[in-house]
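Contents: one structure, followed by commentary.
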């Protein structure tokens, strides 16, 4: 799963601040610091320039190139938009911007909830993804703290995937239609058998 950043997403986020609207400059600075890209922020506190659009575009381009900065950049700006009521009481005046951002996110497999939360792709293909896909699920779990439903669904997927990987590694997988309790029992029995043998 890639990070939720692209040229289109950077442009869509910048559009929210056209005409000075959106989060204050100091809030943008907080986001840029948290994503590790404040070193390229061209903002001059004395002259209060450049504008928000240019700041977001410049820092966004750096976040696009730096590992792990893209998600923090996008999530940070979306969180600030949410705090500024862009997805709430001010939604009507931002409707086109919200649609554009949602479309850009959808283009790379991410989504935006109606209340302004960034959502990773729903399902990772664990059949073909193996351990890297499991690691992505674990990362997704770490970043879904605000959504109990996503936490439970992801936790269930991780347990099933881990169980399947262990069983396949030990040539004990009962088949694709076996329910998780069956897989768990098989896994536990196999672990006990191996520990007795060693």
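Numbering (this note's numbering), first residue to last: 88 to 285.
Using N, Cα and C, we set each Cβ at its ideal position, and we do this for glycine too.
I need the DSSP call for residue i, collapsed to helix, strand or coil.
i, result
"residue 136", "strand"
"residue 131", "strand"
"residue 117", "helix"
"residue 206", "strand"
"residue 247", "helix"
"residue 104", "coil"
"residue 112", "helix"
"residue 92", "coil"
Given that a residue counts as buried once 16 or more other Cβ atoms are within 10 Å of its Cβ, and exposed if not, what is residue i?
i, result
"residue 118", "buried"
"residue 286", "The displayed coordinates of the chain run from 88 to 285. Any statement about residue 286 would go beyond what the structure contains."
"residue 258", "exposed"
"residue 129", "exposed"
"residue 113", "exposed"
"residue 192", "buried"
"residue 251", "buried"
"residue 106", "exposed"
"residue 146", "buried"
"residue 163", "buried"
"residue 104", "buried"
"residue 244", "buried"
Since residue i and residue j should fall inside the 8 Å C-beta cutoff, what is the C-beta to C-beta distance between them, to a whole number of angstroms?
i, j, result
"residue 110", "residue 168", "7 Å"
"residue 101", "residue 165", "With a Cβ gap of about 13 Å, residue 101 and residue 165 do not count as contacting."
"residue 121", "residue 159", "6 Å"
"residue 286", "residue 249", "In this structure the chain extends from 88 to 285, so residue 286 is not present and cannot be described."
Requested in this report: Scan the segment 160-203 and note each continuous alpha helix (DSSP H) run of 4 residues or more that stays entirely inside, going in chain order.
Outcome: Complete alpha helix (DSSP H) runs here, min 4: 178-194.
Query raised in the report: Is there contact between the segment 174-191 and the segment 150-158, where contact requires at least three CB pairs shorter than 8 Å?
Result: No, they do not touch.
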